[in-house]
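Note that the protein sequences, when read in sequence, are chains A and B.
Going by the working numbering, the letters in the first sequence line up with residues 1 to 213, in that order.
Going by the working numbering, the letters in the second sequence line up with residues 1001 to 1162, in that order.
By construction, the Cβ of each residue, glycine as well, lies at the ideal position given by its N, Cα and C atoms.
Just so it is clear, the structure is predicted and the values come from calculations on it, not from any experiment.
Data first, discussion second: the structure below is written as structure tokens.
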Amino acid sequence: MARPAKLTEERMLALMAYADGEGDVASRAEIRASLPHDPEGQAFIASLLDLAPFAAEAAAADVPDLSSVTVAILLATAPAGPAETTPAVSAPAAIDFAAARRRKSGWGALVAGGLALAAAVALYAQVKSGAPVAINSVNSAGLVASAAPSIAPFASSAPVEPSAIAANGPPAVVEVNRVDSDTPVDVFLIPAESTPGTSVVVWLGDDNALGGP
Amino acid sequence: MISHRLFSRILPLFLAVSPIVSLVAAPSIAQADPATAKAEILVMHASQKEKGAIDPHIGSMPRLKQPPFSAYNNYELVDRKEVPLEIGKSATYALPNGRVLQLTVSPGKSAGLFTILASIAEANGKAALKTVEVSAKAGEPFFVAGQTYKDGILVLGIAVKK
């Protein structure tokens, strides 16, 4: 009986690649063989594949193709520095959690791997701790992304009434239950600034495809 | 047991105070009307400039310097508006790019949560964004970004509260 593989960073990366349908036949077979004896690995894979049911559900419900939707968790733990120095990136870093929703990405393997690992670690930590899961499922066709944010909301310059967006509130849950769009959409779970949690950004892509302004 | 004597002293006091309590309590009950809510919509124009800056009218918003917002280095406040909502009914907001944002709010799975349906349509009715369904705590914002606008994009922040 194979010994359970320890959930190291390398192991997580390998499991993520496996979940995404990547890797050669030998490595995939090796992982497949090891999983029955690796409960942590199974849990990790399960957390990564939590979106999988939605592809089938979407197909069954005859809802629009969701292959254009990408979920990303951006772990920007520190300010990115002055905006002036930030390059105008048209497609911010994205991590795809389901092979069915995989999009072409221009990111290098190293960057993608690092971000993916960081996101996966955060996701897995939430799963393991019993906290609200970063990516989960609901009974609706579409993309699901949830998190336990403590959104440090926008600051407000409105002088009259405290802005709901500007007010600092206690941590709360924000979920994207469904995204339905004809054009590619990225869903970003961005971290709150000072406390654990995320906020949600739905980023419409290829806007001009619709003949937009 | 409250003695008859004590009760006879308390009763007049209760009768005297209860109308006042009713007057004070009535407005707060009315304010808690579950059939209404309001959406706060923040509209920003994001673009890339040689020397970008964040409009001070937006306020302090460090997240604009972080991904994915940092894809643009210049943010200007276009509009900030509160839209009254009736639970279960759609409300619309005209975006500066000629499109229309439609919001429908319903009670969430638990107290203090809202389920928010947002869609964006072209002036001709064609959907730019068919549906985004978000569950959020009252006052917690979510963002919709990426619509082409002038030399950049629009970034919308939407928060629903009572």
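Excluding the 5 residues flanking residue i on each side, which residues of the same chain have their C-beta closer than 7 Å to its C-beta?
i, result
"GLN42 (chain A)", "LEU35"
"THR1131 (chain B)", "LEU1117, SER1119"
"ARG1063 (chain B)", "PHE1069"
"PHE1142 (chain B)", "VAL1134, ALA1136, ILE1158"
"LEU210 (chain A)", "Note that LEU210 (chain A) scores 45 on pLDDT, short of 50, meaning its location in the model is unreliable and no value can be drawn from it."
"MET1061 (chain B)", "ILE1054"
"ARG28 (chain A)", "TYR18"
"GLU1140 (chain B)", "ALA1159"
"ASP1151 (chain B)", "SER1047"
"GLU22 (chain A)", "none"
Taking the beta strand (DSSP E) that residue i belongs to, which residues open and close that run?
i, result
"ALA1111 (chain B)", "From DSSP, ALA1111 (chain B) is part of no beta strand (DSSP E); its letter is neither H nor E."
"MET1044 (chain B)", "1036–1047"
"ALA26 (chain A)", "Counting along the chain, ALA26 (chain A) falls outside any beta strand (DSSP E), though it belongs to the alpha helix (DSSP H) covering 25–34."
"LEU1077 (chain B)", "1074–1086"
"LEU13 (chain A)", "Not the beta strand (DSSP E): LEU13 (chain A) falls in the alpha helix (DSSP H), residues 9–19."
"ILE1158 (chain B)", "1152–1161"
"ASN177 (chain A)", "174–180"
"SER1090 (chain B)", "1090–1094"
"PRO1141 (chain B)", "1141–1149"
So, at 6 Å on beta carbons, what are the nonlocal neighbours of residue i in its own chain, with the 5 sequence-adjacent residues on each side left out?
i, result
"VAL1160 (chain B)", "ALA1037, ALA1039, VAL1105, PHE1114, ILE1116"
"GLU1133 (chain B)", "LEU1117"
"SER1090 (chain B)", "GLN1102, THR1104"
"ASP1079 (chain B)", "VAL1043"
"VAL111 (chain A)", "With a pLDDT of 45 at VAL111 (chain A), under the threshold of 50, the predicted position of this residue should be treated as unreliable, and no value is reported."
"GLU40 (chain A)", "LEU7"
"VAL1155 (chain B)", "MET1044, ALA1046, ALA1145"
"LYS1081 (chain B)", "ILE1041"
"PRO1084 (chain B)", "LYS1038"
"ALA1111 (chain B)", "none"
Please state if the CB of residue j and the CB of residue i are separated by a distance shorter than 8 Å.
i, j, result
"TYR1149 (chain B)", "HIS1045 (chain B)", "yes"
"VAL187 (chain A)", "VAL202 (chain A)", "yes"
"ARG1099 (chain B)", "ALA1128 (chain B)", "yes"
"ILE31 (chain A)", "LEU7 (chain A)", "no"
"ALA1123 (chain B)", "LYS1162 (chain B)", "no"
"VAL200 (chain A)", "VAL179 (chain A)", "no"
Identify, in the order they occur along the chain, each residue of the same chain with its Cβ nearer than 8 Å to the Cβ of residue i, setting aside the five sequence neighbours on each side.
i, result
"ILE1087 (chain B)", "PRO1034, ALA1035, THR1036, ALA1037, VAL1105, SER1106, PRO1107"
"TYR1153 (chain B)", "According to the sequence provided, residue 1153 (chain B) is Ile. The question's Tyr does not apply to it. Here the set comprises HIS1045, ALA1046, SER1047, TYR1072, ALA1145, GLY1146, GLN1147."
"LYS104 (chain A)", "Reliability of the predicted coordinates at LYS104 (chain A) is poor, the pLDDT of 35 falling under 50, and the value obtained from them is presented with this limitation in mind. Here the set comprises nothing."
Return the first residue and the last residue of the alpha helix (DSSP H) that residue i is part of.
i, result
"SER1135 (chain B)", "Looking at the DSSP string, SER1135 (chain B) is not in any alpha helix (DSSP H); the run it does join, the beta strand (DSSP E), is 1127–1137."
"SER1060 (chain B)", "Premise fails: SER1060 (chain B) is in no alpha helix (DSSP H) and is neither H nor E."
Would you be able to state if there are at least three C-beta pairs under 8 Å between the segment 1056–1076 of chain B and the segment 1093–1107 of chain B?
no
Which residues of the segment 1126–1138 of chain B have a Cβ closer than 8 Å to any Cβ of chain A? Give them in chain order.
LYS1126, ALA1127, ALA1128, LEU1129, LYS1130, THR1131, VAL1132, GLU1133, VAL1134, SER1135, ALA1136, LYS1137, ALA1138
Determine which residues of the segment 18–48 of chain A have a Cβ less than 8 Å from any Cβ of chain B, and write them out in chain order.
Of all residues in the segment 18–48 of chain A, none has a Cβ within less than 8 Å of some Cβ in chain B.
Using a beta-carbon distance cut-off of less than 7 Å, what residues from the segment 1066–1099 of chain B approach chain A?
GLN1066, PRO1067, PRO1068, SER1070, ALA1071, TYR1072, ASN1073, ARG1080, ASN1097, GLY1098
Can you give me, in chain order, the residues of the segment 1142–1156 of chain B that have a beta carbon less than 7 Å from any beta carbon in chain A?
PHE1142, PHE1143, VAL1144, ALA1145, GLY1146, GLN1147, THR1148, TYR1149
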